[in-house]
Structures are given as structure tokens and as C-alpha cells.
Amino acid sequence: MAGRGGVVNETWDGVAPSECRPNPSILRLTAGLTWVEAREPLHADIDTNKTCGIGPGMAFANAVLKDPVFGIVGLVPCAVGGTNISEWSRGTYLYTQLVRRAKASLQHGGKIRALLWYQGESDSESRKYAESYKGKLEKFILDLRTDLRSPMLPVIQVALASGGPFIEIVRKAQLGVDLPNVTCVDAEGLPLEPDGLHLSTPAQVQLGERLASAFLQTVPTPISNNTSKRFSSFISNSVMDPLFRFTLMILTIPLSYMM
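So this is what it looks like as C-alpha cells:
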């Protein structure tokens, strides 16, 4: 989600494809918890120790907006590169920040619609971490659902496109999560940057659109009998970092936005 698409030698090429175009109906929650019009790179003030480029967030939001039931999409970035799943367990700084930003996105009538999760490269470097990944991921999902008071919160996760020597153990865990309302979008085979680690800009666009397609299948029809007063939000977590890409982003969709 933080996005390394178009980043070469720690410099972003500044190219945002049409699928990632700004739109007055796509908002972004800043590090200071204020809403602004979203533009790439979405994580510039969040993943501050690394160069951010194109991620799947804007492509996801633009694709979601093709469904007329949604009026405004708010993206709430929380990405931090190079972290493993243990650093997102309940009680850690990153988990606490995630919950804080998620709850902030609920103001003005918000409703969390889904968790988008793309993480695991760092865990694929160690057999010990890889073999414990499934249990930690399932606990993370259950803890977050509890803390956000959304016991059936849809979770759309991404199976890794690249990683370390134990990537297949992590991928098997991701594809085999045994919890209700958990969907997996497979990123295997998507094109990578020359570093062989990060998704390229076209791949980020493809991933964003796949996430949107998976998400839209979770949306009830109709969403509400009073959609003009609803404000939906998404949380997403993604891995994007030089060796082990990781990032987290909250995406909020207000159907009616009033500030």
C-alpha cells in the first residue's frame, strides 16, 4: 500500500497512471488526522523513512467508485516498511496506531467496510517466522475485529508476489486462513520492479483493481436503506519495503461527506 511502484534508487519517477488519477471524490486522511484530496504517493507523510511511489490504493479507490453506491472514498494510509507480523500484534505501537486511525476515520458517521491486508515478506525470511505466520495472522484479524467492534469485518488479504526462501510457507498460510469473511487475492506472477522485490507500477494498478473486485463482492445490495447518511471505511495493510515490503492503509468510503 505504501507503494514502491516507479521508485528507482530511492527516487520516485513521478509518473501516476490514469487509474491512479486524483478525484475530488477520493479523500486521504493525513498523519495529522485531517482529510485532504488524495494524490500519489499516498504514504508520503506516513512511511517517512522510505521513498514512496505508486501503490494499489488509488487504483482501488477509482475502481470502487465505478459502483454508483459509493459517493466518496477516503484513503487512510498507515504503512510502515520492513516490518513483520509480530510488530502488528495487539499492544504494539503499529497496532495501536492502526486502531487509532481506523477509529478516527469513523467520525462524521463512518462505517468500516473491510480490511485490506498485504504483508508477509519479512516473515518469509525465517522458517520460524513463516511457520508461525498463520496463527499470528488469524489472531491479528480476530483482535482487530474485537477492538473495532466489528466481529464479521470482511478481510481481503493478498498472497505474496515475492519474498524470502520460505515464501511458500507464508503463501500457504495466507491461502489457508480458516476464518469467516476472509478472502485472498493472489499477487503471484504480477510484474516486479528491477529489484525483483517490489511490484511495478502496472502491477500495483492490477492489484488495486483485483482488491476492488474482491471487495465489491462483499458489499450487500442495497448497502443501506439510508445511504445518503452513511460513511464507509476500509483498512488495508500491504507489504512494500526494500527487502520485505510492508505497509498499512485505512481506506474510508463516505457515501455522504460532511465536514
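Quick note: the sequence shown uses UniProt numbering, first residue 1, plus one each step. Every residue gets a Cβ at the ideal spot worked out from N, C-alpha and C, and that includes glycine.
From residue i to residue j, what does the alpha carbon distance come to, in whole angstroms?
i             : j             : result
arginine 113  : threonine 146 : 15 angstroms
leucine 216   : tryptophan 12 : 31 angstroms
threonine 227 : serine 132    : Residue placement at threonine 227 cannot be trusted, given a pLDDT of 39 that sits under 50; the coordinates are not used to answer.
tyrosine 95   : alanine 31    : 15 angstroms
lysine 50     : asparagine 9  : 11 angstroms
glutamine 206 : glycine 109   : 31 angstroms
glycine 163   : serine 89     : 21 angstroms
glutamate 19  : arginine 210  : 13 angstroms
asparagine 84 : arginine 21   : 31 angstroms
glutamine 97  : serine 86     : 15 angstroms
glycine 14    : aspartate 123 : 30 angstroms
arginine 100  : proline 165   : 34 angstroms
leucine 179   : tyrosine 93   : 25 angstroms
leucine 33    : alanine 212   : 24 angstroms
valine 155    : threonine 183 : 6 angstroms
leucine 151   : arginine 39   : According to the sequence displayed, residue 151 carries proline and not leucine. So the two alpha carbons sit approximately 32 angstroms from each other.
proline 77    : isoleucine 26 : 13 angstroms
valine 219    : glycine 91    : 31 angstroms
glycine 177   : glutamate 121 : Looking at the sequence provided, one finds valine at residue 177 rather than glycine. Valine 177 and glutamate 121: Cα-Cα distance of roughly 17 angstroms.
lysine 111    : lysine 136    : 26 angstroms
glutamine 107 : proline 68    : 23 angstroms
alanine 102   : proline 194   : 34 angstroms
valine 170    : tryptophan 35 : 35 angstroms
When the distance is taken between beta carbons, is residue j closer than 8 angstroms to residue i?
i             : j              : result
threonine 201 : glycine 5      : yes
leucine 115   : leucine 142    : no
leucine 65    : leucine 42     : no
glycine 208   : alanine 63     : yes
alanine 173   : lysine 139     : no
serine 126    : leucine 29     : no
glutamate 37  : proline 24     : yes
alanine 79    : aspartate 47   : yes
residue 274   : valine 7       : Residue numbering for the chain in the displayed model covers 1 to 259; residue 274 lies beyond these limits and cannot be assessed.
leucine 153   : asparagine 181 : yes
alanine 59    : valine 73      : no
Measure the beta-carbon distance from residue i to residue j and round it to whole angstroms, keeping in mind my assumption that it falls under 8 angstroms.
i           : j              : result
leucine 175 : isoleucine 167 : Not confirmed; about 12 angstroms, so no contact.
residue 262 : alanine 214    : Since the first residue of the chain shown is 1 and the last is 259, residue 262 is not available in this structure.
leucine 190 : histidine 198  : So it is not a contact: roughly 11 angstroms between Cβ atoms.
Buried or exposed for residue i, please, with buried defined as at least 16 other CB atoms from any protein chain shown within 10 angstroms of its CB.
i             : result
glutamine 119 : buried
residue 280   : One cannot answer for residue 280 here, as it falls past the ends of the chain, which runs 1 to 259.
glutamate 188 : exposed
tyrosine 129  : buried
glutamine 157 : buried
glycine 196   : exposed
glycine 55    : buried
Return yes when the C-beta of residue i is under 7 angstroms from any heavy atom of the ligand COA, and no when it is not.
i              : result
tryptophan 117 : In terms of ligand content, the structure shown is empty, and the ligand COA therefore cannot be addressed.
(message) Could you tell me which whole alpha helix (DSSP H) segments of length 4 or greater appear in the region 150-225?
(response) Within the region 150-225, the complete alpha helix (DSSP H) runs of at least 4 residues fall at 167-175, 201-216.
(message) If we require 4 or more residues per run, which alpha helix (DSSP H) segments fall completely within the region 43-119?
(response) 57-64, 93-104
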